[in-house]
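Asker:
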Amino acid sequence: MSFSQKILEWYYIHKRDLPWRSTTDPYKIWLSEIMLQQTRVAQGMPYYHKFLENFPTVQDLASAPEEKVLKLWQGLGYYSRARNLHATAKMVVVDYNGNFPNTYKELKALKGVGDYTASAIASICFDIPEPVVDGNVYRVLSRYFGVDLPINSTQGIKYFKDLAREVMDVKNIRDYNQGIMEFGAMQCAPKSPNCESCPLNTSCVALKEIRVSQLPVKINKTKIRQRYFNYLVYLDKDNRTILEQRQGKGIWQNLYQFPLLETENLVGHKELTQILNGNLKDSTNKVAMYNKEPIVHKLSHQHLHTRFWILEMDELNSKAIPWEKVHNYPVPVLLADFIKTFKI
DNA sequence: AAAGCGGGGTC
DNA sequence: GACCCAGCTTT
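Just so we're aligned, residue 3 is where the first sequence starts under this note's numbering, counting upward by one.
Structure representation (structure tokens):
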């Protein structure tokens, strides 16, 4: 039996019943695929339901304010996905009259849709024989065929895409593509896969050569930047505070936060007030350190050593917002956790 | 080709 | 701690 037939047989027995598996609606498939980029099914699932409730159609999503999209996305990470999701919804409504394009090329031209996602939508929605290559597929193919080309090198990416195309089942691309991904997630797991019960264990090169734990090969060395954040939580006598929207290129683009003072190192009360002194308003009554032990918020390539400072004010300008409204704004998890625990 | 981009689960 | 997750975009 061929590789693809074994995958399909395994899939029909072991497939999970996931909500996006019972539809070929491009809107729902696209939504699920964007959400699941670099994200586990369990983490993305509640967001998928939440988005469909709030935005039943692509028109609903397109006509929503970006702030609402970001708020619903809050906690899922990689927020460019939410911004691109919104932009693509508008493009589909305006340029495609509300109907998603049905070719790989047009799909890939949509914002936030790369090679993987275009292939996934094309195959699942339109039965186009285009192989998907995600993290699961890299793992399955590299092990089964014993390929040690780095999966994140230019050569490796092309090699595995070509290999995936050779071994795919063009007659049943929908199930095959989802099957090989599911197989990678459930059976050919990253750590201690269950090779004993694997239907491919008689022909798997990595198993035969005892290289399962060494494949796939990945070259990466993301060095982590240490940053020191001081969030200035202003509070006036009416319990109003200041929130700003993050601008520019870095993390958390377009999300909201308290005014941020970033320093080169951890600073104490004295240094902070010295730095602030030039800008400190006369109406500042008290500056209090909220957390003595800095909170270390860990991102993929940054560790954010964070202190919150409470600045009691006589008055704030007219842009101040009541504390009860703070929870309406999209904020990073770091701030959401603080807001949750902080009692006025 | 390499870096930047979140947050959470698992071992 | 290290690694990974239905990757994409920018530099």
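Positions of the beta carbon are idealized from the N, C-alpha and C atoms, including for glycine.
Since H51 is in the beta strand (DSSP E), which residue starts that stretch and which ends it?
Answerer: First-last for H51: V43 to N56, but that is the alpha helix (DSSP H), not the beta strand (DSSP E).
Asker: Can you tell me which of D164, G148 and V169 puts its alpha carbon nearest to the alpha carbon of Q216?
Answerer: Considering only alpha carbons, the answer is G148.
Asker: Could you tell me how far apart the beta carbons of F53 and A66 are, in whole angstroms, since I believe they sit closer than 8 Å?
Answerer: No, F53 and A66 are not in contact; Cβ-Cβ is about 10 Å, not under 8 Å.
Asker: For V298, which residues does DSSP report across the bridge?
Answerer: For V298, which the question treats as bridged, DSSP gives the partners H307.
Asker: Straight-line CA distance for A166 to R23?
Answerer: The straight-line gap from Cα to Cα measures roughly 22 Å.
Asker: Would you call the CB atoms of V115 and Q61 closer than 7 Å?
Answerer: It is not a contact, given that the beta carbons lie outside the stated cut-off.
Asker: State the DSSP-derived secondary structure class of M315, mapped to helix, strand or coil.
Answerer: Looking at M315 - three-state DSSP - the assignment turns out to be strand.
Asker: Find out if the Cβ-Cβ distance for the pair D136, M183 is shorter than 7 Å.
Answerer: It is a contact, given that the beta carbons lie within the stated cut-off.
Asker: Can you say whether H271 is buried or exposed, counting buried as having 16 or more other CB atoms within 10 angstroms of its CB?
Answerer: Classification of H271: exposed, given that the 10 Å Cβ count is below 16.
Asker: Cα-Cα, which of K92, K163 and H305 is closest to R227?
Answerer: When each option's Cα is compared against that of R227, the closest is H305.
Asker: Starting from L165, trace the alpha helix (DSSP H) both ways and give me its first and last residue.
Answerer: It spans T156 to V169 - the alpha helix (DSSP H) in which L165 sits, taken as one unbroken run.
Asker: Sort Y230, D238 and R248 by Cα distance to L263 and report the nearest one.
Answerer: Measuring from the Cα of L263, the nearest candidate turns out to be Y230.
Asker: Does the contact criterion of 3 or more C-beta pairs under 8 Å hold for the segment 4-23 versus the segment 176-193?
Answerer: With a cut-off of 8 Å, the segment 176-193 and the segment 4-23 count as touching, because enough Cβ pairs lie within range.
Asker: Is the beta carbon of A124 closer than 7 Å to that of Y140?
Answerer: No, these two residues do not count as a Cβ contact at 7 Å.
Asker: Helix, strand or coil, according to DSSP, for I323 in the structure here?
Answerer: Strand.
Asker: According to the Cβ coordinates, are T286 and L245 closer than 7 Å?
Answerer: No.
Asker: Is T26 helix, strand or coil by DSSP?
Answerer: T26 falls in the coil class under three-state DSSP.
Asker: Could you please give me the residues that DSSP links to N349 through a beta bridge?
Answerer: The first residue shown for the chain is 3 and the last is 346, placing residue 349 beyond what the model contains.
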